[in-house]
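To keep things clear, I will list the structure first and then write my remarks on it.
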Amino acid sequence: MKRTIPLIITPVLALALAACGGDDKESGGSKPGHSMSTSATPTTGQQAGQHNDQDVMFAQMMIPHHQQALEMAKPAKTKASMPEVKKLAADIEKAQGPEIKQMTEWLTSWGANVPSPGASMDHGGHGGAEGMMSAKDMAKLNKLSGMAYDKAFLEMMIKHHQGAVTMAKKEQSSGQFPAAKTMAGSIITSQTAEISTMRDLLKKM
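Residue numbers -21 to -1, 1 to 184, in mature numbering (1 follows the signal peptide of the UniProt record, and there is no 0), belong to the letters of the sequence shown in order.
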């Protein structure tokens, strides 16, 4: 009898210890699970929700607006005669390309229509308030060269930037999506500064 008692106690004790260890594992494993689900919810909500009609309109109008700016900036990098105009064109392309990509991702996540790459020309007929150039304006610009090209490019881009600033200010006042309002603020700051630079360049001509 003395020999059998320890044999009975030992398995029971092992089972008790295993049960304690299992509880620790379960409680330890459940905490990260809760933590991960909590952190994932705001991210999803922030991307797909928390936006209004103004946010959608801002992205849908600014995408073709930016696309037209790139259509003007790409040839200017080689056609312009002034180094300052070439640099300005490169800066515009560098800034607005990624913004188009970001706004496209927002619209996709919201289930909204994404403007096609050729939408910029379609917009020109009624987008005067937003500073969009007509197809005729773009064709005229592309036929110019030398200082005449630089002057026309700067005058058209000033008007174009002014339209973007107007749209961005509306987004800041009426939009709801935080990232879109942040982008709008960045557009206002950067393009207002570029308008000032372009005006100074025109004065030097």
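Note that CB positions come from ideal geometry on N, CA and C, so glycine has one too. For clarity, every value in this text was computed on a predicted model and none was experimentally measured.
Can you tell me whether residue i is helix, strand or coil according to DSSP?
i	result
N121	helix
S60	coil
S165	helix
Q39	helix
H30	coil
A91	coil
Q155	coil
S175	helix
G110	coil
P96	coil
M184	coil
H13	Annotation note: pLDDT 36 at H13 (below 50); position unreliable, no value reported.
Alpha carbon to alpha carbon, how far is residue j from residue i? Give it in angstroms, no decimals.
i	j	result
M136	A48	8 angstroms
K119	D34	33 angstroms
D179	K65	15 angstroms
T87	K182	43 angstroms
N31	M61	43 angstroms
K130	T145	23 angstroms
T168	T161	11 angstroms
Below 8 angstroms on the Cβ atoms is my contact criterion, and I expect residue i with residue j to pass it. Report the Cβ-Cβ distance as a whole number of Å.
i	j	result
A74	F132	Rounded, the Cβ-Cβ distance is 17 angstroms, inconsistent with contact.
Can you name, in chain order, every residue of its own chain whose Cβ lies under 6 angstroms from the Cβ of residue i, other than the five neighbours on each side?
i	result
residue 194	Only positions -21 to 184 of the chain appear in this structure, which leaves residue 194 out of reach.
I79	I42, H45
A163	A147, E150, Q151
G142	E109, G110
L71	For the sequence presented, residue 71 should be read as Ile rather than Leu. Here the set comprises A48, A52.
Among the residues of its own chain, which have a CB less than 8 angstroms from the CB of residue i, if the five just before and after it don't count?
i	result
Q155	Q29, H30, N31, Q33, D34
Would you say residue i lies against chain D (beta-carbon separation less than 8 angstroms)?
i	result
L180	Among the chains in the structure shown there is no chain D, since it carries only a single protein chain.
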